[in-house]
Amino acid sequence: MPDKISYSDVIAAEDELLRQRRAKLVGEAFAAALADNRFGIALSGGGIRSATINMGILKTLHKFGLIKQADYLSTVSGGGYTGAYLQATLREKGQENQLFDEEHIDYLRKRGEYLFPGTGGVKIWNQVTLVVAFLVSFLMSLVSPAVLLALVGGSYFFFKYYDLVEIDFTDALQRHVAWLLPEVLYVGLGLVVTHYLLNVAAVYRLGISNRFNRVETGFVLLVLLTFSWPVVQSFQSIKAPNGEQLLVFLTVGFVLVLMGLLTNPNATSFHRFYRKQLADAFLHFARENKNVLLKNLFQPGSDAEDDYFAPYPLINTCLNLQSSKDPNFQGAKASDYFLLSPLFCGAKLVGYVPTATANGYRQMTLPAAVTISAAAVNPGLGIYSNKLLSILLTIFNLRLGFWTWNPLRMKTSWPVVWWPFYFFYELFGRIGTDKKMVNISDGGHIENLGVMELLRRQCKLIISVDAGADSSFLFADLENLTVRARNELGIDIRFRRDQVPEDVMRVKPSHGYSRKRFVVADLYQLWDKIEENGEEKIIHYPGGKKTGVFVYVKSTVTAPVGRPDISPEKDPLKYGTYKYKIYNPDFPHESTADQFFDPIQWESYYQLGQFIAADMLGCDNLNDFDVDHAFTIPLDELYRHFDKDVQLFGSMPVPLPAARARAMEEVVLDPSAEVTEATEAGEAVSQYEI
Numbered sequence: 036m037p038d039k040i041s042y043s044d045v046i047a048a049e050d051e052l053l054r055q056r057r058a059k060l061v062g063e064a065f066a067a068a069l070a071d072n073r074f075g076i077a078l079s080g081g082g083i084r085s086a087t088i089n090m091g092i093l094k095t096l097h098k099f100g101l102i103k104q105a106d107y108l109s110t111v112s113g114g115g116y117t118g119a120y121l122q123a124t125l126r127e128k129g130q131e132n133q134l135f136d137e138e139h140i141d142y143l144r145k146r147g148e149y150l151f152p153g154t155g156g157v158k159i160w161n162q163v164t165l166v167v168a169f170l171v172s173f174l175m176s177l178v179s180p181a182v183l184l185a186l187v188g189g190s191y192f193f194f195k196y197y198d199l200v201e202i203d204f205t206d207a208l209q210r211h212v213a214w215l216l217p218e219v220l221y222v223g224l225g226l227v228v229t230h231y232l233l234n235v236a237a238v239y240r241l242g243i244s245n246r247f248n249r250v251e252t253g254f255v256l257l258v259l260l261t262f263s264w265p266v267v268q269s270f271q272s273i274k275a276p277n278g279e280q281l282l283v284f285l286t287v288g289f290v291l292v293l294m295g296l297l298t299n300p301n302a303t304s305f306h307r308f309y310r311k312q313l314a315d316a317f318l319h320f321a322r323e324n325k326n327v328l329l330k331n332l333f334q335p336g337s338d339a340e341d342d343y344f345a346p347y348p349l350i351n352t353c354l355n356l357q358s359s360k361d362p363n364f365q366g367a368k369a370s371d372y373f374l375l376s377p378l379f380c381g382a383k384l385v386g387y388v389p390t391a392t393a394n395g396y397r398q399m400t401l402p403a404a405v406t407i408s409a410a411a412v413n414p415g416l417g418i419y420s421n422k423l424l425s426i427l428l429t430i431f432n433l434r435l436g437f438w439t440w441n442p443l444r445m446k447t448s449w450p451v452v453w454w455p456f457y458f459f460y461e462l463f464g465r466i467g468t469d470k471k472m473v474n475i476s477d478g479g480h481i482e483n484l485g486v487m488e489l490l491r492r493q494c495k496l497i498i499s500v501d502a503g504a505d506s507s508f509l510f511a512d513l514e515n516l517t518v519r520a521r522n523e524l525g526i527d528i529r530f531r532r533d534q535v536p537e538d539v540m541r542v543k544p545s546h547g548y549s550r551k552r553f554v555v556a557d558l559y560q561l562w563d564k565i566e567e568n569g570e571e572k573i574i575h576y577p578g579g580k581k582t583g584v585f586v587y588v589k590s591t592v593t594a595p596v597g598r599p600d601i602s603p604e605k606d607p608l609k610y611g612t613y614k615y616k617i618y619n620p621d622f623p624h625e626s627t628a629d630q631f632f633d634p635i636q637w638e639s640y641y642q643l644g645q646f647i648a649a650d651m652l653g654c655d656n657l658n659d660f661d662v663d664h665a666f667t668i669p670l671d672e673l674y675r676h677f678d679k680d681v682q683l684f685g686s687m688p689v690p691l692p693a694a695r696a697r698a699m700e701e702v703v704l705d706p707s708a709e710v711t712e713a714t715e716a717g718e719a720v721s722q723y724e725i
C-alpha cells in the first residue's frame, strides 16, 4: 500500500479505468475524449420513492444507450438502491438488454414494501420478527456498556482488596478444573440452546451469513464454559478464600475483555437486517452477484466487455466528525464526504485506501455499501447532529451507521478493536477521526444529491435527479449543493434566466402543477487550487470560466394537455400518475417515512420517472422506441441538446416500434394539433403522459 494516496491519485486511477471502459464499449476515439466530455449521473436520496422514480428514469436513459455512455453513477441513500440494482444485475446477466426485463419490474413492484414483504400471514410474521429482532438487538447492544462498567467496578474492588490476597495458583487451577464439569455443563448447555433458538428466531433474519453464525455460536459456547464457573461459585461460595476470589476476578476480567473485543456494534445494530431486506428486494435477480464484493464491480485490465456495462459507481456516505479537534472545524457540526467505490474508499480529511487490499474494505459487499449510504437513523447525523438525539438513539440502539477502519490510522493502529469505548463515543457525541475507527452514515447527512463527487471530477455534463421529499418546494438540497460547490470547489451553478427552479418548478395553488420537470444551469469555475513549487496557490477567474452543464431534474407533475384517462374501469396497474395524484395530493412528494409502497403506488412513481426522462430528452412518445437501443443518442449530441437547446428528435428518423411494452398502450395527441379547453368526445391524453 502506498504511504499516502492523494485525491489526485484517486482521479488518475479512475481515469485509466474509464478509458478502458470507453474503449471496450464505444471505441478508442471515445476513450481519448474522456477529459473533454466526462458524463455523470447523480441519483439523490429519498428511500423507496427515490429508488422507484430513478428506476423509471434509468430505464428511459437506457433505452437510448445513455447508461453505457455515462462514466459515473453517483448515488446517495435511496438512489443507491437503484444503483445497486443496475450494477449487480448487469454483472449477473452479462448483457444490457435484460436490465429492465418485465420479470424484474414485476418483482420490484411487488416488493415496494421491502422492509415487510409478503401478504397476510407472511407479512405479520415479518413484522413480529422485526419486533423480536429489535428486542434482541437492543439487549445485545447493552453488552458493551455492561462490559465496560463491570471492568471499572471490578477493578475498584480488585485493587481495594489486593493487599489481603495470598494465592496458590496451582491449587486454584486444579480446583477450577475439578469444579468445571459438573456445574458448567448444565448452565452452558441451557444457554447455548437459548442462543440457538434466538439465532433461528431472530438473528438469521438480521441477514448474518451462515459462516458467521457458526463462528458466533462456537464463541458463545466457549465463553459460557469459561465464565459459568466463576458466576456460579460466586453465589455458592461466599466464604471462599481470598485467592479464590482473586481467581474469580481474573477470570471474569479476562472474559469481559474478550467480550469487549467481539461485541461489534455493526453486528448488534439494524445494519444487517436493513442490508438483507434491501438485497432481497433489489438484488434478487443478481443471484451469484447478490453479495458481490465492492472491489469486484470493476476489474482493471479485464478483457470482458460485460465487465464494463455499468458506469463507475460512486457510493456517497457521510463521515461524522462530532468531536473533531481540527481548528478548521471548531464550533461547527463537522462532516466530510466519505466515498465507497471499487478502486478506493475514504475522504479527503482522512485520506484514501485501496478497496482491494485495505482491511475492512476488501471484505465490503455492494449491499453493505448501499446500506451504509442509506443509514438515515444514526447517533451521528453529519450536519444535522444533535447531542440529545445522539444519547436517545444510542440508548435505544437506533443505529444504522457503520464503524469502519480509519484510513488515517490504518498503518499505525493495532488491528484489534475494543468496542465498549465506541458505545460511549456515540452516546456522548465524541465521534471523530482521532480513533482507529470512524463512523460513516447516510450520504444525505452532508449532501443529498450526490453531485459534489461529480463536480470534483470535473464532469462536463451532469444529470442530477432530485427525488427527495419536498412538498413545499423549498429546494433545500439544491441550496446546500450550490453553497458547498461555490465555497468548497469554487464552482458557481448558474441557472439560466428562464429556468430558475423556484419559478418554474414550484407549484402555485392557483395552478396546481409545476411548469417544468427539469432546468439547465451552466457551471462556472470562479477559482481553483493549483500547486506551484510544492506550494498550494489559489488562481482566480474573473467572471468565471465555463466548464460544463448541469441538468437539474425534480420529481414533479406538469399539467395534462387535454383530458387524462382516469377511468375507474381501467386495470388499476395501467393508470398513470394523474389518477393517483387525485387521491394522493402530496404525490410525488409523499413523506420519506412511507417506505411501504403498494403496487399501484410503486407503478405511479415508476411511470413518472420514465416520462420525466422522456421530457428531459424531448421525446414526445416513448411508444416509438419500444425496443431498447432503437438508436443511441451520441453523448456530444446530448450535451448540445442541453447546452444549445438542439432537439434530439424530429430530424432523426424514428424507428418503427417492434413491440408494445406493457402499460404503454396509450393514445397520444398529435403535437401539431390545436389544443382546446374542451376536447372532442373520446379524445384523451395518454394516461401516462405527465
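Numbering (the working numbering), first residue to last: 36 to 725. Beta carbons are placed, not taken as given, at the ideal position from N, Cα and C, and that holds for glycine. Given the structure is predicted, the values throughout are model-derived calculations rather than measurements.
Practice task
Using alpha carbons as the reference points, say which of L561, A648 and C380 lies closest to I475.
Solution key: C380
Practice task
Could you spell out the range, first to last residue, of the beta strand (DSSP E) harbouring H624?
Solution key: Taken as a continuous stretch (DSSP letters only), H624 belongs to no beta strand (DSSP E), as it is neither H nor E.
Exercise for the section: Can you have a look at I668 and say buried or exposed, based on whether 16 or more other CB atoms are within 10 angstroms of its CB? Expected result: buried
Exercise for the section: Identify the continuous beta strand (DSSP E) that holds L375 and give its terminal residues. Expected result: A369 to L375
Problem - Beta-carbon proximity list for T400, same chain, < 7 Å, skipping 5 on both sides - result: N326, V327, L328 and L329
Practice task
Would you kindly work out how many angstroms separate the C-alpha atoms of C353 and R531, rounded to a whole number?
Solution key: 31 Å
Problem - Those runs of the alpha helix (DSSP H) which lie wholly inside the segment 635–688 and span at least 4 residues - result: 670–679
Practice task
Give a yes or no on whether the C-beta atoms belonging to G40 and Y641 are separated by under 9 Å.
Solution key: In the sequence as presented, Gly is not what sits at residue 40; that position holds Ile. The beta carbons of I40 and Y641 sit no closer together than 9 Å.
Practice task
Locate the alpha helix (DSSP H) running through T406, then write down its first and last residues.
Solution key: L401 to S408
Exercise for the section: Figure out for me which residue from A409, D469 and N394 has the closest Cα to the Cα of A314. Expected result: A409
Problem - Secondary structure, alpha helix (DSSP H): runs of 4+ residues fully inside the segment 509–556 - result: Counting only runs of 4 or more, we get 511–519 and 536–539.
Practice task
Identify the continuous alpha helix (DSSP H) that holds E138 and give its terminal residues.
Solution key: E137 to K145
Exercise for the section: Decide if N568 is buried, meaning its Cβ has at least 16 other Cβ atoms within 10 Å, or exposed. Expected result: exposed
Practice task
Enumerate in chain order the residues of its own chain whose CB-to-CB distance from R675 is below 6 Å, with the five nearest sequence positions on each side excluded.
Solution key: V681
Exercise for the section: Please confirm if the segment 77–94 is in contact with the segment 486–504, defined as three or more CB-CB distances below 8 Å between the two stretches. Expected result: yes
Practice task
Identify, in the order they occur along the chain, each residue of the same chain with its Cβ nearer than 7 Å to the Cβ of D527, setting aside the five sequence neighbours on each side.
Solution key: R521, Y559, L561 and G579
Exercise for the section: Quick one: measure Cβ to Cβ for G436 and L496, integer angstroms, because I've assumed they're closer than 8 Å. Expected result: Actually they are not in contact, since the Cβ atoms of G436 and L496 sit about 33 Å apart, beyond 8 Å.
Practice task
Assuming A404 and L375 form a contact by the criterion Cβ under 8 Å, report the distance between their Cβ atoms to the nearest whole angstrom.
Solution key: 4 Å
Handout entry: Backbone CA spacing between R84 and I635 [nearest angstrom]
Key = 13 Å
Practice task
Would you kindly work out how many angstroms separate the C-alpha atoms of F622 and K311, rounded to a whole number?
Solution key: 28 Å
Problem - chain B within 9 Å of G62, Cβ atoms only - result: Of the protein chains in this structure there is only one, and it is not chain B.
Exercise for the section: State the start and end residues of the unbroken beta strand (DSSP E) segment that holds Y460. Expected result: Residue range P455 to L462 is occupied by the alpha helix (DSSP H) that includes Y460, with no beta strand (DSSP E) assigned at that position.
Exercise for the section: Write down the C-beta distance between L730 and I466 rounded to the nearest angstrom, noting that I regard them as a contact closer than 8 Å. Expected result: In this structure the chain extends from 36 to 725, so residue 730 is not present and cannot be described.
Problem - Per-residue burial, S43 [other beta carbons within 10 Å of its own, 16 or more giving buried] - result: Under this definition S43 is an exposed residue.
Practice task
Compare the beta carbon distance of A86 and V486 with 9 Å and say whether it is the shorter of the two.
Solution key: No, these two residues do not count as a Cβ contact at 9 Å.
Handout entry: Cβ shell of S304 (< 6 Å), same chain only, five flanking positions each side left out
Key = R434
Exercise for the section: Would you kindly work out how many angstroms separate the C-alpha atoms of R491 and Y613, rounded to a whole number? Expected result: 39 Å
Handout entry: Sequence-distant residues of the same chain with beta carbon closer than 6 Å to D505, five excluded per side
Key = H624
Problem - Those residues which DSSP pairs with N351 across a bridge - result: L374
Exercise for the section: Could you check which residue in G80, F456 and L53 has the C-alpha nearest to that of R73? Expected result: L53
Problem - Pair within 9 Å by beta-carbon distance, P442 and A382 - result: yes
Exercise for the section: Determine the extent of the beta strand (DSSP E) in which V588 is found, giving its start and end residues. Expected result: E570 to K589
Problem - Whole-angstrom distance between K98 and G62, CA atom to CA atom - result: 20 Å
Handout entry: C-alpha gap between F677 and Y347, whole angstroms
Key = 23 Å
Exercise for the section: Please state whether DSSP places A302 in a helix, a strand or coil. Expected result: helix
Problem - Inter-residue spacing [alpha-carbon to alpha-carbon] between G417 and A70 - result: 33 Å
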